[in-house]
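A.B. asks: Questions regarding the structure given below will be posed in turn.
Residue numbers (our numbering): 1481 to 1873.
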């Protein structure tokens, strides 16, 4: 007969509060003849700690490119080429990119008036023969990435359609260009700061060696000191500010909740890499959800997040006023080859507050119980705040 073992408390990572839970695991008896490990006395038993699992974080540029491919139909590849080249010319590459075989595109120096800033243009460009492309030739999607009035790179994309891009896809494409430009700009600053001092540009100094007495020279202006390396924290703060400003600019002219929700989803996915996102808006009179915008990933496991909904109504815990956000871990059942299996989901909810009234809740979900980083949690909160007034209008 099995016995019940009470597992230790396990705390979910969250910056808005700590949620604890108790798990009960039932173990079945095993015949004595199958036991190969000698039992130690209970007082001498040593509990080995669980091994630490480290998951490599996707770089911001690559993460935004993946969001771009999911947002624009018939876009099967995208890459970013730095301008001017710092180190490797290709900053990130996702999907099929035959254009990287064309050296003209890798060393392209575009004047400011050639292409509009952070707006994509579609061209009929010859496919390099080195790509060995089979089938109907694709079209080249190209955009000049600009941040702080400075061109930092070129976005290249592979489009396999002759149809016009829809307004929704164009909106997602323009927003992605702005986010990629901000990421490439900050990446270029960090790359320059990491170069050895002898490779960085130093101010030139004039040295005069006199062989005979000369009159006293006039006072010369003091040479400028070399630029100090870019502080990583200041650079991150500047990048975060750019992201918030770009989101606010993208939703400034939008007047429907669906379009605003789409912008929030793209920004949240680029920042935190979520597997599910939703925004619910309340009817204050009837105390119910009047509108809900919800998007999940395309894989089967992510679809279960949408089918097994989380509470985001007017009476959910996130609508209380004791914290800026609410983080917790929930469990859903995912059907697999061996039957239904339990999966942990980290949930992060933000109340939408306008005029001292909660008008809705934004919900982010990601597989695993590791939760969201402190930086991602606070940056998404700033993005949600920037969009709340437009949702309340």
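Every residue, glycine too, gets a C-beta built ideally from N, C-alpha and C. All values derive from a computational prediction rather than experimental measurement.
1. Any C-beta of chain C sitting closer than 8 Å to the C-beta of residue 1579?
2. In chain order, which alpha helix (DSSP H) runs of at least 4 residues are fully inside the region 1542-1579?
3. Which of the three DSSP states, helix, strand or coil, is assigned to residue 1670?
4. Assess contact between the region 1712-1732 and the region 1804-1817, defined as three or more Cβ pairs (one per stretch) separated by less than 8 Å. Is contact present?
5. From 1640, 1624 and 1747, pick the residue whose C-alpha is nearest to that of residue 1725; which is it?
6. What residue range does the alpha helix (DSSP H) around residue 1862 cover?
7. Please report the distance separating the alpha-carbon of residue 1781 from that of residue 1846.
8. Look at residue 1664 and residue 1632 and say whether their C-beta atoms are less than 8 Å apart.
9. With three or more beta-carbon pairs closer than 8 Å as the criterion, would you say the region 1579-1588 touches the region 1545-1554?
10. Where does residue 1716 sit, in a helix, a strand or coil, going by DSSP?
11. So residue 1744 and residue 1867 are supposed to be a Cβ contact under 8 Å. How far apart are they, rounded?
12. Near residue 1838, what residues of its chain come up, given a Cβ to Cβ distance below 6 Å and the 5 sequence neighbours on each side ignored?
13. Should residue 1792 and residue 1843 be called a contact, given that it needs their Cβ atoms to be closer than 8 Å?
14. Mind checking which residues open and close the alpha helix (DSSP H) that includes residue 1749?
15. Go through its chain and collect everything with a Cβ distance to residue 1636's Cβ below 8 Å, but skip five positions before and after it.
16. Using a threshold of 8 Å, state whether the C-beta atoms of residue 1786 and residue 1816 are closer than that.
17. Determine the DSSP secondary structure at residue 1799, reduced to helix, strand or coil.
18. Taking the alpha carbon of residue 1626 as the reference point, which residue from 1796, 1543, 1602 and 1722 has its own alpha carbon closest?
19. Compute every distance between the C-beta of residue 1552 and the non-hydrogen atoms of the ligand GDP, then say whether any falls below 7 Å.
20. Quick one: grab the DSSP three-state call for residue 1731.
21. Residue 1751 and residue 1859 look like a contact to me (Cβ under 8 Å); what is the Cβ gap, rounded to whole Å?
22. Output the distance between the C-alpha atoms of residue 1599 and residue 1644, rounded to the nearest integer angstrom.
23. Which residues share a DSSP beta bridge with residue 1829?
24. Would residue 1574 and residue 1545 qualify as a contact pair, given that the criterion is a beta-carbon distance under 8 Å?
C.D. replies: Put simply:
1. Here chain C cannot be found, since the structure has a single protein chain.
2. none
3. Looking up residue 1670 in the chain shown gives position 190. Low local confidence applies: a pLDDT of 46 at residue 1670 is under 50, so the model's placement there is unreliable, and no value is given.
4. no
5. The residue labelled residue 1725 in the question sits at position 245 within the chain shown. If we check each option's Cα against that of residue 1725, 1747 comes out closest.
6. As a first step, residue 1862 is located in the chain shown; it is residue number 382 there, counting from the start. Its alpha helix (DSSP H) spans residues 1854-1872.
7. Numbered from 1 along the chain shown, position 301 holds the residue referred to as residue 1781. Numbered from 1 along the chain shown, position 366 holds the residue referred to as residue 1846. Roughly 11 Å between the two C-alpha positions.
8. As a position in the chain shown, residue 1664 is number 184, starting the count at 1. As a position in the chain shown, residue 1632 is number 152, starting the count at 1. The answer is yes: Cβ separation under 8 Å.
9. no
10. Walking along the chain shown from the start, residue 1716 turns up at place 236. Residue 1716 falls in the helix class under three-state DSSP.
11. Residue 1744 sits at position 264 when you count from the first residue of the chain shown. Residue 1867 sits at position 387 when you count from the first residue of the chain shown. Going by Cβ atoms, the distance from residue 1744 to residue 1867 rounds to 6 Å, so yes, they are a contact pair.
12. Locating residue 1838 in the chain shown gives position 358, where the first residue counts as 1. Answer for residue 1838: 1799 and 1831, listed in chain order.
13. Stepping through the chain shown from its first residue, residue 1792 is reached at position 312. Stepping through the chain shown from its first residue, residue 1843 is reached at position 363. Going by C-beta atoms, residue 1792 is nearer than 8 Å to residue 1843.
14. Your numbering for residue 1749 matches position 269 in the chain shown. Element bounds for residue 1749: 1737-1752.
15. Here residue 1636 is taken as the residue at index 156 of the chain shown, counted from 1. Correct list, in chain order: 1558, 1559, 1560, 1561, 1577, 1579, 1580, 1585, 1620, 1621 and 1622.
16. For this step, residue 1786 is matched to residue 306 along the chain shown. For this step, residue 1816 is matched to residue 336 along the chain shown. In this structure, residue 1816 does not lie closer than 8 Å to residue 1786 by Cβ.
17. Residue 1799 sits at position 319 when you count from the first residue of the chain shown. In this structure, residue 1799 counts as helix in the three-state DSSP scheme.
18. On the chain shown, residue 1626 is found 146 positions in, with the first residue counted as 1. For the residues 1796, 1543, 1602 and 1722, the minimum Cα distance to residue 1626 belongs to 1722.
19. In the structure shown, the ligand GDP is absent, as is every other ligand, since no ligand is present at all.
20. Translated into the one-based positions of the chain shown, residue 1731 becomes position 251. Helix, per DSSP.
21. Residue numbering aside, residue 1751 sits at position 271 when the chain shown is read from its first letter. Residue numbering aside, residue 1859 sits at position 379 when the chain shown is read from its first letter. The Cβ separation is near 5 Å, so the contact holds.
22. Reading the chain shown from its first residue, position 119 is the one you call residue 1599. Reading the chain shown from its first residue, position 164 is the one you call residue 1644. Approximately 15 Å, taken between the alpha carbons.
23. Numbered from its first residue, the chain shown carries residue 1829 at position 349. In the DSSP output, where bridge partners are listed per residue, residue 1829 has 1806 and 1843.
24. Indexing the chain shown from 1 puts residue 1574 at position 94. Indexing the chain shown from 1 puts residue 1545 at position 65. Yes, Cβ-Cβ distance for residue 1574 and residue 1545 is below 8 Å.
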